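Residues in the sequence shown are numbered consecutively from 1190, following the numbering used here. Each residue gets a CB set at the ideal place from its N, CA and C atoms; glycine is no exception. Note that the structure is predicted; figures quoted are calculated from it, not measured.
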Amino acid sequence: MAEATGAKVGWDGVTRTVSIDKPVIDNSGLEASGYKLIEVDGGDLSGHREPNVVVDIGFGDRQYWAYTNEYGQLVKVTADKIVLQDDATEPVLSTGRYYRDEAKVPGVESATLDEGHVIADSLGGVSNAYNITPQDSTLNRHGDQAYMEQVIRDAGGCTDFVAVITYPNTTTQIPSHYSFTYKLKGNVINDEFDNVNPDEINAALEDQQPTDNTNAVSIVSVGLSSEEVVIKNTSDQAVQLKAYKLVSVTGNQTYTFGDYLLEAGKTVTVYSGQGSGDLRWTGSYIWNNDGDPAELYDGSGRLVSRY
C-alpha cells in the first residue's frame, strides 16, 4: 500500500474515501551510506528481507528507517520523531492495527514468540518484515517492550529514536537482545533487554536470596515514580560502598557506586530522572512504575539486599 512508501494517506470518515499525497524522499544520504533504498508494502506478509537495504516502515508520511545487515537480519531502526497513531484521521482497524496480520518472519511460528513490532502500530509503524522480529510473547505483551511503548504513548511521542537489534549468530532471525534509545521530554532514555520471558527471569531472581543474613547494608525503600532508592547501613560501623552495584531488575540497568563511605546508622539516596537525593544515577527514568525489583550487590558481586 502507498503508506509503506512514505506517502501521506488521509481518511475521510464521512465520505469513506482515502486520499494519497506522496512526498519526495531524498535518498542520497542513505544510498551513500552503503544501503540500498527499497520500497516494501506496509502490509506485506512475506517474512523475507533483502540484505544491506533500508526501508521506510512509517505509516503514512512518517519516515521511520529500518536497516538490514549482509545476512538480511534487521539490525537497526531509526526515527527523528515518533508520531502516534491517529484513529480519527487514519484507516485504523477495530483492533487498533493498520493491517489484519503481520509479516511471517522465520521464528514467529513458535508458540512462545510473537510477531513483534519494533515500532508498534500505536506509534505509527507498519507490519512488514522490516518492522517485525520474533519476540518472546510475554516480553512483547506485558514486559519491557510493552512498557516502553506505553511510556512513549503517554508522553505523546518521542524524538531521536534508535533501536539496535542483535542476534546470537548470522543465520537466525530471532534476536537475542534489544537496545532502544530515545529522547522523552528532554531526557535521553535507554532501554535494554534480552529476548526472554521476563516472568521466568524474575521468578529465578526471587529464588536467589542473600547468602548472609547479617548484611550491614540494605535497601529500605524504592520510589518507582519518584525515582529514589534509599539504602541504609544498619550496623554500628561505617561501610565503604565503592564498587557496590544497585540494579533495576525489570529495566536491566545498573548503577555502580564510586568512593562513598556510608556511616553507621545512616542512609544514602540514589536518584534518577527528576528525583532528588545524595547520589545521582542518571537524568533518565530508570524504574518501571508497574513493578521493578531492586537489588544491591557488594563489590564481590554477592547479593546483599533485595527490595
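My assumption, with CB atoms under 8 angstroms, is that residue i sits in contact with residue j. Please give the rounded CB distance.
i	j	result
residue 1451	residue 1457	6 angstroms
residue 1423	residue 1434	About 19 angstroms separates the two Cβ atoms, so there is no contact after all.
residue 1354	residue 1492	About 30 angstroms separates the two Cβ atoms, so there is no contact after all.
residue 1260	residue 1280	34 angstroms between Cβ atoms; not a contact.
residue 1344	residue 1373	5 angstroms
residue 1408	residue 1496	4 angstroms
residue 1292	residue 1234	5 angstroms
residue 1483	residue 1418	6 angstroms
residue 1447	residue 1431	6 angstroms
Determine the contact status of residue i and residue j, defining contact as a CB-CB distance below 8 angstroms.
i	j	result
residue 1485	residue 1378	no
residue 1327	residue 1364	no
residue 1287	residue 1266	no
residue 1312	residue 1246	no
residue 1367	residue 1244	no
residue 1382	residue 1477	no
residue 1329	residue 1305	yes
residue 1437	residue 1481	yes
residue 1295	residue 1332	no
residue 1503	residue 1461	What is shown of the chain runs 1190 to 1496, which leaves residue 1503 out entirely.
residue 1338	residue 1309	yes
Of all the options the options, which has the alpha carbon lying nearest to the alpha carbon of residue i?
i	options	result
residue 1342	1371, 1441, 1468	1371
residue 1298	1360, 1432, 1489, 1325	1325
residue 1426	1464, 1406, 1232	1406
residue 1350	1307, 1475, 1228, 1468	1307
residue 1228	1222, 1236, 1242, 1234	1242
residue 1352	1269, 1301, 1284	1269
residue 1282	1240, 1232, 1226, 1334	1232
residue 1466	1393, 1416, 1337	1416
residue 1236	1290, 1376, 1432, 1223	1290
residue 1257	1285, 1222, 1278	1222
residue 1428	1360, 1439, 1474, 1488	1488
residue 1148	1224, 1276, 1431, 1278	Nothing about residue 1148 can be reported from this structure: the residues present for the chain run from 1190 to 1496 only.
residue 1469	1338, 1449, 1453	1449
residue 1340	1276, 1284, 1278, 1380	1380
How should residue i be labelled, buried or exposed, when 16 other C-beta atoms within 10 angstroms of its C-beta is the threshold for buried?
i	result
residue 1238	buried
residue 1251	buried
residue 1411	buried
residue 1317	buried
residue 1334	buried
residue 1472	exposed
residue 1274	buried
residue 1212	With a pLDDT of only 44 at residue 1212, under the threshold of 50, the placement of this residue in the model should not be trusted; the figure read from the coordinates follows. When all chains shown are included, residue 1212 counts as exposed.
residue 1393	exposed
residue 1479	exposed
residue 1464	buried
What does DSSP give as the partner residue(s) for residue i in the beta ladder?
i	result
residue 1422	1406
residue 1305	1322
residue 1371	1378
residue 1237	Answer is none; residue 1237 lacks a bridge partner.
residue 1350	1268
residue 1494	1485
residue 1430	Paired residue(s): none; residue 1430 is not in a bridge.
Sorry if obvious, but does the Cβ on residue i come closer than 7 angstroms to a heavy atom of the ligand NAD?
i	result
residue 1465	Ligands are entirely absent from the displayed structure, and the ligand NAD is therefore not among its contents.
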